[in-house]
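Peer 1:
Residue numbers (the numbering used here), protein chains in the order written: chain A, 24 to 335; chain B, 161 to 479.
(1) Taking the straight line between their C-alpha atoms, what separation do you get for residue 295 (chain B) and residue 287 (chain A)?
(2) Closer than 8 angstroms is the cut-off here; do at least three beta carbon pairs connect the region 250 to 259 of chain B with the region 235 to 248 of chain A?
(3) Go through the region 356 to 436 of chain B residue by residue and report every complete run of the alpha helix (DSSP H) that reaches 4 residues or more, in order.
(4) Is the shortest distance between the beta-carbon of residue 424 (chain B) and the beta-carbons of chain A less than 8 angstroms?
(5) Return the CA-CA distance between residue 374 (chain B) and residue 389 (chain B), expressed in angstroms with no decimal places.
(6) Beta-carbon within less than 7 angstroms of residue 568 (chain B)'s beta-carbon, same chain only, minus the 5 sequence neighbours each way: which residues are those?
(7) So does the region 106 to 120 of chain A actually touch the region 292 to 304 of chain A, counting three or more Cβ pairs closer than 8 angstroms?
(8) Would you mind sorting residue 181 (chain A) into buried or exposed? The rule is 16 or more other CB atoms within 10 Å of its CB.
(9) Taking Cβ positions, are residue 74 (chain A) and residue 154 (chain A) nearer each other than 8 angstroms?
(10) Can you name, in chain order, every residue of its own chain whose Cβ lies under 6 angstroms from the Cβ of residue 239 (chain B), other than the five neighbours on each side?
(11) Quick one: list the residues of chain A neighbouring residue 233 (chain B), beta-carbon separation under 9 angstroms, in chain order.
(12) Taking Cβ positions, are residue 365 (chain B) and residue 386 (chain B) nearer each other than 8 angstroms?
(13) Starting from residue 144 (chain A), trace the alpha helix (DSSP H) both ways and give me its first and last residue.
(14) Shortest alpha-carbon distance to residue 314 (chain B) belongs to which of B:224, B:306 and B:330?
(15) Express the C-alpha separation of residue 397 (chain B) and residue 384 (chain B) in angstroms, rounding to a whole number.
(16) Check the Cβ of residue 24 (chain A) against every Cβ in chain B and list those closer than 8 angstroms, keeping chain order.
(17) Under the assumption that residue 332 (chain B) contacts residue 360 (chain B) (Cβ atoms under 8 angstroms), give the Cβ distance between them as a whole number of angstroms.
(18) Compare the C-alpha of residue 204 (chain A) against each of A:228, A:70 and A:193 and name the closest.
(19) Taking Cβ-Cβ distances below 7 angstroms as the criterion, which residues of the region 141 to 157 of chain A are in contact with chain B?
(20) Would you say residue 236 (chain A) faces chain C, with C-beta separation under 8 angstroms as the test?
(21) DSSP three-state label for residue 278 (chain B), please.
(22) Thinking C-beta only, is residue 222 (chain A) closer than 8 angstroms to residue 342 (chain A)?
(23) Check residue 85 (chain A) in the structure and name its three-state DSSP category.
(24) Got a sec, what are the start and stop residues for the beta strand (DSSP E) residue 441 (chain B) sits in?
(25) Grouping DSSP H, G and I as helix and E and B as strand, with all else coil, what is residue 338 (chain B)?
(26) Using CA atoms only, rank isn't needed, just tell me which of B:458, B:198, B:259 and B:234 is closest to residue 25 (chain A).
(27) Name, please, each residue of chain A whose Cβ falls closer than 7 angstroms to the Cβ of residue 428 (chain B).
(28) So, using beta-carbon positions, are residue 176 (chain A) and residue 147 (chain A) closer together than 8 angstroms?
(29) Considering residue 189 (chain B), what are the terminal residues of the alpha helix (DSSP H) in which it resides?
(30) Output, in chain order, the set of chain A residues within a Cβ distance shorter than 8 angstroms of residue 261 (chain B).
(31) Out of A:266, A:282, A:281 and A:283, state which residue places its alpha-carbon closest to the alpha-carbon of residue 275 (chain A).
(32) Taking 8 angstroms as the threshold (beta carbon to beta carbon), is residue 192 (chain B) in contact with chain A?
(33) Return the chain-ordered list of same chain residues with a C-beta closer than 8 angstroms to the C-beta of residue 218 (chain B), the five sequence neighbours on each side being excluded.
(34) Cβ of residue 185 (chain A) less than 8 angstroms from any chain B Cβ?
(35) What would DSSP say about residue 290 (chain A), mapped onto helix, strand or coil?
(36) Beta carbon of residue 267 (chain B), beta carbon of residue 311 (chain B): below 8 angstroms?
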């Protein structure tokens, strides 16, 4: 029995957090916080060839076509929930990073404008939420998919997006390489760290901004049916523990929020509570994905490689 | 082959031989971090049903299920380690063998602390030993023992492969000098497992007092509840253990308890348990050794007596 040193894939290296050099954030901040506010569209019926990811949890159950319940429940986020979230973010003068899918960029121009007015960064989020990347796609299909997502955002915002979060974090074995090649700089799909890291790709320069997947509003509360207040406590605890642990070396807290979920009137005050908790703390840098990556890319941390320790 | 039904004889808790742990301990407390690796692209045909705990499953590479676990080795393990050190816990590691060579820094941290190892398969994405022939299973067990010896210097004494165990596995384990099997949830004490040759003991593992339960979609509770469950279980076992020594197992996962919002609850569990005087914080290896040295034969005889009297009772009822 014999196994190689390090990872069983090429995109990221084995790197235990305690062996890395300290990571500095601007102005001595301990914690960088990236608030991801998803604007993903849930369509009536994806094309037959699409990979419709199995994660959707409508209020009652996933219903046969036409699924008024789920489609309209999600539409609520684009119509009402997002504006409620914007009120909270404006109140605390913090900005979001917005994963936006092609459909939203094309058909909800007012949302694009509202994000731009606030200088919120818009990043790639696939075509729709019912069409995800997967290894079931051919390489040509995947390239078309990512290009379409990027082009739609470029047309709607005037700028090519720099970040990416695929629907449901889903990837094929090709995805990071294609993202880098198409000019993206960072990707939030990989939920495996509390610091950014460089992704190895044949072309381009791509960084991982790992998400704390378990504390997102859907993963941590809605899908698990964990009581709302317990979820709020869990997000605050994450922040507090990371804040403490970041004394020696900076950490990144990136997590996802959905307007259709946390933008509901019965949840909005808890969003307020969470943002107040984070924004009120000194030495916390609430920043966009690009700001974090631009800073990170210049740090020694980004080019650090762990030397394989001698085997036994 | 010994039929599955005969592997563990019925052993009611009342009137069974009483266990006295070393130093009058009431509870033998073993902590078992599952140090695992989920392959990025599990090879076709290695076929373990994906461990998604009710979370949706995606085609590989499954980022939200498998890559999510990678967090454990990169971050969570090291946060847990600090807590283990604070309470001076000597763990029994449920080890996916591949970790010992993929991630030598993790291995060194565990070896330095003189932790014991229990075999948890090669990867958590593999089905073996299920699906292997008997000869292949023998080779698998022998290779696992040799591998742990080579990479850690330790003699492997236990297996925990849960849903991957086979009908023949207990015999094969005992044949090769493995002394405990931690795949059973049927008792709060060690109990003998019937094997063709040698001695094999079951060391109780935790099904519900298990941090990974908190990541399951249909279990809407969090680490504060986990703490309460562990504390309540401990209190009960500690009380009962004054009369008859009990075992509390604490199965953990670095990708789960190493998460920032869970770590303080793990700390509270350890703080609570370790603040009691009559606790034997030990490893499964040591529990199994002690049990085999002191109680195994006695309990086997007790079970034989029970079987005999059960038999007589049913015979006389028939007459």
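Quick reminder that beta carbons are idealized off the backbone N, C-alpha and C, glycines included.
Peer 2: For this structure:
(1) 59 angstroms
(2) no
(3) 383 to 400, 414 to 417 and 420 to 434
(4) yes
(5) 12 angstroms
(6) Nothing about residue 568 (chain B) can be read from this structure; chain B reaches only from 161 to 479.
(7) yes
(8) exposed
(9) yes
(10) 418 and 423
(11) 37, 39 and 215
(12) no
(13) Unbroken run through residue 144 (chain A) is the beta strand (DSSP E), 144 to 147; no alpha helix (DSSP H).
(14) B:306
(15) 20 angstroms
(16) 257, 282, 303, 304, 306 and 307
(17) Not quite, the Cβ-Cβ distance comes to about 10 angstroms (not below 8 angstroms), so this is no contact.
(18) A:228
(19) 157
(20) The displayed structure is made up of protein chains A and B, and chain C is not among them.
(21) strand
(22) As shown, chain A starts at 24 and ends at 335. That puts residue 342 (chain A) outside it, with no answer to give.
(23) coil
(24) 439 to 441
(25) coil
(26) B:259
(27) Within 7 angstroms Cβ-Cβ: nothing; residue 428 (chain B) doesn't reach chain A, min ~13 angstroms.
(28) yes
(29) Counting along the chain, residue 189 (chain B) falls outside any alpha helix (DSSP H), though it belongs to the beta strand (DSSP E) covering 187 to 195.
(30) 25, 26, 27, 28 and 334
(31) A:266
(32) no
(33) 224 and 225
(34) no
(35) helix
(36) yes
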